[in-house]
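Taking it in order: structure first as structure tokens, then the write-up.
Protein chains in written order, with UniProt numbering: chain A, 1 to 265; chain B, 1 to 265; chain C, 1 to 265; chain D, 1 to 265.
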């Protein structure tokens with residue numbers, strides 16, 4: 001049962017007739033024109049402005065999450081818009097609803113694996129930790145989150161670039177080193193290519209930025225909502241979802257309708 | 001009925017085993033580390049990179065839309081998280097669902113009013129257009145979108161700053177001039193303070209950026225999804241939605257329960 | 001701006017340690033085992049139990065709205081489940097999001113047209129009203145809501161059965177008579193088959209039941225949520241949404257990918 | 001990665017110009033006027049019509065799930081409607097989004113516990129199984145799903161009535177007997193009142209009806225969507241969500257605003 005509270009509090013922000021404050025900063029004078037959209041997201045997650053280096057790295061990882069072509073969530077947003085063109089927000093909301101365990105789970109899982117292995121550990125033995133992690137996942141017969149990709153083989157082209165950006169900005173530390181060691185051992189153990197995919201890279205870099213693992217799904221939600229607006233606007237100009245629907249409906253009718261089943265006679 | 005299409009097409013992007021392309025740009029080499037989150041949103045809406053000036057102005061207007069304190073949509077996201085803490089994306093989706101005519105309508109309305117008045121008009125007579133608009137809305141007994149604010153009086157502190165950023169970056173033109181003239185005439189006609197609110201400023205600046213008015217609701221959705229992630233994460237650390245719910249439920253029980261109605265005897 | 005309230009009230013229901021009350025009825029003793037699901041929906045909309053005749057008619061119209069095959073909203077629910085199989089509720093929520101102006105609008109529109117024409121009118125001249133309605137819609141170049149169907153021609157097979165059920169239960173009055181007269185005149189004026197479709201029949205019968213027109217969209221939401229649960233459960237056993245997605249994605253890659261555009265070279 | 005399919009199939013239904021078929025039944029002649037809303041839900045879940053006894057029992061359990069007063073999901077629907085009154089479907093969708101592990105989890109958990117203990121077991125020793133279940137949950141320090149209630153003590157008034165309806169209709173078997181034995185042992189072991197709550201009763205009765213445990217969350221979704229339509233319609237007539245929001249916002253401003261923090265000086 002929920003615990004009762006005497007006072008409702010929130011540190012996110014407040015406004016009065018002549019002031020608007022977000023996380024302790026005056027919106028008009030300290031945020032507008034000073035911070036880009038990614039920086040404001042960082043402020044909301046970390047409760048402070050990013051350094052210029054953090055800004056570049058954080059923007060890069062969220063930017064990576066915006067657009068992945070005609071994904072199921074893009075199709076969901078487009079098909080929702082088909083029925084409710086007056087409610088763009090509902091189309092985006094519907095598209096976000098499917099960002100669950102299957103599509104954002106591995107990013108969350110990678111961040112969790114790395115932060116549970118390293119947070120609070122001084123002078124960690126990365127080789128030993130990597131050995132243990134690979135063995136643990138093998139024993140549990142689980143996929144190691146953040147490794148492998150159905151399309152991008154042998155290398156996910158986003159990963160080396162993201163790691164490069166992190167290194168250029170002084171944010172390549174033990175978390176990135178650990179996932180690279182995990183990858184080497186996993187490839188050796190399984191005898192196949194297991195590239196660190198973008199979700200693995202983002203999980204590691206999030207940890208380098210000090211973001212708790214449970215926040216990482218939120219990065220996907222932030223990024224994808226922007227991408228979904230893009231899909232809805234293209235659907236408006238170049239509608240394709242009705243055609244996708246009608247083809248599927250016709251195929252079902254052919255395969256299961258009265259002519260197929262004899263029930264219609 | 002939906003028209004049929006022979007071919008499904010989408011210009012947003014594609015990926016192959018070693019390439020990922022978004023709106024004609026190579027994601028790893030031309031986007032990551034080069035564009036911030038607001039710039040990528042601009043790319044998806046305008047199909048080209050922003051200039052540095054456009055980047056500053058566009059980021060400023062979307063940043064304005066991220067966070068407005070404990071709004072109904074923030075409460076919706078927090079209360080959804082209360083029941084489904086495993087599904088942060090569903091909480092944000094629920095929060096976005098209420099960004100309809102009441103809360104984002106005036107921004108869309110302001111952009112529509114300005115662009116319908118000025119798009120394709122060469123050498124417009126702004127004074128005459130402003131007179132006509134104020135008269136038209138008065139005749140239809142409608143509120144002029146983008147003017148007036150229940151809290152921020154006599155000035156919405158975001159508006160002068162947004163207009164300043166637009167001017168500093170060479171993006172203050174007829175749309176901004178027109179809404180300012182509309183405001184002057186509306187205040188004179190109605191005899192009361194009618195500040196250009198943030199939605200009016202954003203509607204005007206969107207038009208200066210060449211964004212079609214029907215896109216403007218999408219800016220609100222992009223910005224607010226980031227703000228809602230912030231609310232869900234604070235709810236996780238400092239839960240308040242259960243208390244808000246329980247207080248309301250208890251008050252209903254007191255006002256309408258068996259002791260109030262005698263039905264429980 | 002929202003008006004303030006001193007007291008929060010709700011007449012829907014309340015519970016105490018040993019009682020649960022819904023709209024004035026004791027849930028365990030007066031509802032459970034006594035009312036079916038449609039009857040409880042009626043109770044929530046009309047604030048009283050249906051008569052046996054009302055129960056049959058109301059259940060029939062909501063039942064009509066449950067299942068329409070592989071609609072866009074069914075595809076949306078299935079594709080959302082693909083990404084978040086742990087959250088069946090999110091899949092149904094996503095599917096409901098698209099029940100907007102395009103797919104439920106005509107039902108709402110038919111109920112509105114009929115109730116605005118007849119509510120509060122004693123001894124209405126149905127022929128004259130039908131003439132006027134057909135002329136008004138023609139003048140505004142609008143489709144008459146509730147008439148015409150892309151597939152079910154010349155007769156929507158649900159309509160005569162719904163009208164028969166209404167008549168058998170003493171609920172066929174002026175609203176049904178009016179939409180039939182509107183249909184006759186519209187067919188004569190336009191010279192083509194314009195069957196009263198199921199949404200027109202439901203709009204008329206809702207009005208016979210005394211349901212306000214703005215409630216009618218809610219009937220669609222109630223019914224469809226049940227149908228969407230059915231689709232998600234079939235998707236679990238016989239997944240088809242991934243195939244629909246992958247076919248579309250591959251076609252886009254072929255039509256817009258590097259080989260098509262030369263950008264990948 | 002998703003497996004490919006050569007053919008898309010669906011057994012739910014199909015339509016041709018003059019026929020509409022749902023799960024093998026002709027909608028106009030075999031469903032409309034013949035089956036109530038709960039019966040159609042049963043058809044979609046079980047792929048056959050219910051017997052009269054099954055109809056009474058199934059309707060009773062779904063009816064139980066419709067309305068629980070001013071829950072968080074009801075507040076979510078009402079607050080979404082506040083911002084988007086043009087989109088009732090979005091309000092219901094938002095309200096459903098929170099039916100996750102916290103509020104429907106125990107129903108799913110009870111059904112899972114009982115079906116995993118009994119499905120496929122001939123001649124089960126219910127006493128031994130109950131002992132084992134109580135010991136297992138105690139060892140894992142987990143709450144037994146379906147037992148205990150924060151308000152309804154010592155008895156949840158829905159439970160005896162639901163069990164009575166099941167018994168009257170010949171559907172009280174081993175699943176109900178087992179949860180009753182689990183309750184007795186759990187109360188003895190923990191030395192406190194642990195009533196079988198409505199979710200426990202519904203979990204058990206669902207199993208008696210042969211519904212797989214993973215379907216049980218869908219029953220909650222079906223029922224609640226009907227209840228949420230009721231809340232949105234009451235909010236339309238008697239709006240309370242704005243007041244709840246404004247009270248919370250004012251309290252935050254008092255506790256965290258400029259006067260509290262000194263940041264506004």
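C-beta atoms are modelled at their ideal positions from N, C-alpha and C, and glycine is treated no differently.
Item, Value
"Rounded separation between residue 205 (chain D) and residue 229 (chain D) - CA only", "26 Å"
"Exposure of residue 138 (chain B), with buried meaning 16 or more beta-carbon neighbours within 10 Å", "exposed"
"Residue 133 (chain C) and residue 200 (chain C) closer than 8 Å at C-beta", "no"
"Residue 3 (chain A) to residue 243 (chain B) span [Cα, whole Å]", "8 Å"
"Validate contact between the region 82-101 of chain B and the region 50-64 of chain A using beta carbons, cut 8 Å, 3 pairs", "no"
"Cβ of residue 14 (chain B) within 8 Å of any chain C Cβ", "yes"
"Whole alpha helix (DSSP H) elements within the region 98-154 of chain D, 4-residue minimum", "105-118, 126-139"
"Inter-residue spacing [alpha-carbon to alpha-carbon] between residue 103 (chain C) and residue 167 (chain C)", "27 Å"
"CB contact check: residue 89 (chain D) to chain C, cutoff 8 Å", "yes"
"Nearest-angstrom Cα separation, counted from residue 190 (chain B) out to residue 234 (chain C)", "60 Å"
"Three-state secondary structure assigned by DSSP to residue 25 (chain A)", "strand"
"Inter-residue Cα distance where the pair is residue 216 (chain C) and residue 111 (chain C)", "7 Å"
"Residues that DSSP places opposite residue 71 (chain B) in a beta bridge", "None, per the DSSP bridge assignment."
"Cutoff 8 Å: residue 146 (chain D) Cβ touching any chain C Cβ", "no"
"Distance between residue 10 (chain C) and residue 50 (chain C) (C-alpha atoms, nearest Å)", "21 Å"
"Within chain A, the residues that residue 98 (chain C) reaches when beta carbons sit closer than 8 Å", "79, 80, 81, 82, 83, 84, 90, 91, 94"
"Residue 67 (chain D) beta carbon less than 8 Å from that of residue 33 (chain C)", "no"
"Neighbour flag for residue 119 (chain A) against chain B, beta carbons, 8 Å", "no"
"N- and C-terminal bounds of the alpha helix (DSSP H) containing residue 55 (chain C)", "52-64"
"Residue 9 (chain C) at chain B interface by Cβ criterion, 8 Å", "yes"
"Cross-chain neighbours of residue 211 (chain C) in chain A, by beta carbon under 8 Å", "Simply none; closest approach about 22 Å."
"Whole-angstrom distance between residue 175 (chain B) and residue 120 (chain B), CA atom to CA atom", "12 Å"
"Segment contact, 8 Å Cβ cut-off, at least three pairs: the region 94-102 of chain B with the region 246-258 of chain B", "no"
"First through last residue of the alpha helix (DSSP H) which encompasses residue 199 (chain B)", "198-208"
"Any C-beta of chain C under 8 Å from that of residue 258 (chain B)", "yes"
"Inter-residue CB distance, residue 23 (chain B) and residue 44 (chain B) (contact presumed, cutoff 8 Å)", "7 Å"
"Contact list for the region 125-141 of chain B against chain A, Cβ threshold 9 Å", "none"
"8 Å Cβ cutoff, residue 72 (chain C) in contact with chain A", "yes"
"Min CB distance residue 246 (chain D) to chain A below 8 Å", "no"
"Cα-Cα separation, residue 300 (chain B) to residue 82 (chain D)", "This structure cannot speak to residue 300 (chain B), because chain B is shown only from 1 to 265."
"Through-space distance from residue 60 (chain C) to residue 30 (chain D), alpha-carbon basis", "11 Å"
"Residue environment, residue 220 (chain D), which counts as buried when at least 16 other CB atoms sit within 10 Å", "buried"
"First through last residue of the beta strand (DSSP E) which encompasses residue 13 (chain A)", "13-16"
"Chain C contact residues for residue 253 (chain B), given Cβ-Cβ distances below 9 Å", "14, 15, 16"
"C-beta neighbour in chain B for residue 249 (chain D), strict 8 Å", "yes"
"Boundaries of the alpha helix (DSSP H) in which residue 86 (chain A) is found, first to last residue", "Here residue 86 (chain A) belongs to no alpha helix (DSSP H), and DSSP marks it neither H nor E."
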